[in-house]
Amino acid sequence: MSQTETVLRSNKLANQGSLVGYFPAGYPTFDESVAAAVAMCKNGVDVLELGVPYSDPVMDGPVIQEATEQALSNGFKLRQVFDAVKAIREQVDTPVLVMTYWNPVISYGVRRFAEDLKAAGGAGLITPDLIPDEASEWIEIADELDLDRVFLAAPTSTPERAKQAAESSRGFVYAVSTMGITGTREQLDSYAKQVVSNVQSVAPESLTAVGIGISTSDQVVAVNEYADGAIVGSAFVKAYQHGALPELTAKVQELAKGLKN
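Its first residue numbered 1, the sequence shown is counted upward by one per residue in the UniProt record's numbering.
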């Protein structure tokens, strides 16, 4: 069983929910991003989603875009994501999934990227713009290196697409709650339940975590009533923007407080 699946299933067996937390590598600086990620893991995040700053994001909302642009303007380089993963894993046991668009992986080299991620202690990749049809090389290497690979299922996914995403994923399936970019919303879109239901109906053994639009403790708890985890990104980055590490830590504790017995 993979690093990520082990954590999610363990929480589920204990009748507890799971919180997946996103933070961009290199924001605002390399050292500060590592400190933020470690603090998140120590204060309630069960799985860390470490974002790779990218100049042409298609899924990130304005909060995350602003942060990743700052990381890039401060000189963040792709190879530093492996240094960040290593530094984080030296301090916590929390699985670290790297969230990256596919072009940087291709540019770096798929096998080289996977091997460097494995060597750094990373759990795997979340690839929002890669569909299973075009991921045969990555799937083969991930199997070989025992790395998680998280594909997305969306409200527009057909049953065939949902099944393909479930069968191709290791760790969990990323259930997109709505069509659009990341960011907090006052009400979590009702599509989320339907996406999770679609995945579970075609692949009942698969784990699902819901992302996009989750920003409150009530939403995190509500998502965990029908899925296996809630993914939060913009709310954490916004907290850091407002009050650095103390406000980020408080936000993680706030969102995680309703999940554990």
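Don't be surprised by glycine CBs; every beta carbon is placed ideally from N, CA and C. Nothing here was measured: the structure is a model prediction, and the numbers come from that model.
Counted as a single uninterrupted DSSP element, the beta strand (DSSP E) harbouring residue 125 occupies residues 124-126.
With the rule of 3 Cβ pairs closer than 8 Å, the region 78-90 counts as touching the region 114-133. With contact defined as three or more Cβ pairs closer than 8 Å, the region 72-82 and the region 146-166 are not in contact. By the Cβ neighbour-count rule, residue 106 is exposed, with fewer than 16 other Cβ atoms within 10 Å of its own.
Pairing residue 20 with residue 50 gives a Cβ-Cβ distance that is not under 8 Å. Taking every protein chain shown into account, the CB of residue 257 has fewer than 16 other CB atoms within 10 angstroms, so this residue is exposed.
The alpha-carbon of residue 247 is positioned some 18 Å away from that of residue 25.
Around the Cβ of residue 160, a 10 Å sphere holds fewer than 16 other Cβ atoms; the residue is exposed. The C-alpha of residue 35 lies about 26 Å from the C-alpha of residue 174. Residue state for residue 137 is assigned as helix, using DSSP reduced to three classes. Per the coordinates, the alpha-carbon of residue 76 lies some 35 Å from the alpha-carbon of residue 11. In the three-state scheme derived from DSSP, where H, G and I count as helix and E and B as strand, residue 90 is classed as coil.
Annotation: the continuous alpha helix (DSSP H) that includes residue 112 extends over 110-120. About 6 Å separates the Cβ atoms of residue 61 and residue 234, confirming a contact at the 8 Å cut-off. Note on residue 15: under 16 other CB atoms within 10 angstroms of its CB, so exposed under the neighbour-count rule. In this model, residue 201 and residue 142 are separated by some 26 Å (Cα to Cα).
In the DSSP assignment, residue 159 falls within the alpha helix (DSSP H) that extends over 159-168. A direct Cα-Cα distance of roughly 13 Å separates residue 5 from residue 125. Shown here for residue 260: same chain residues with a beta carbon closer than 7 Å to its own, the five before and five after excluded, namely 16 in chain order. Contact between residue 7 and residue 48 does not hold, since the beta-carbon distance rounds to 11 Å and is not under 8 Å. Within the same chain, Cβ atoms closer than 6 Å to the Cβ of residue 68 are found at 24, 53, the five residues on either side in sequence being excluded. Distance between residue 170 and residue 112, taken at the CA atoms: about 20 Å. The DSSP assignment places 30-42, 62-73 as complete runs of the alpha helix (DSSP H) inside the region 5-82, in order along the chain (cut-off: 4 residues).
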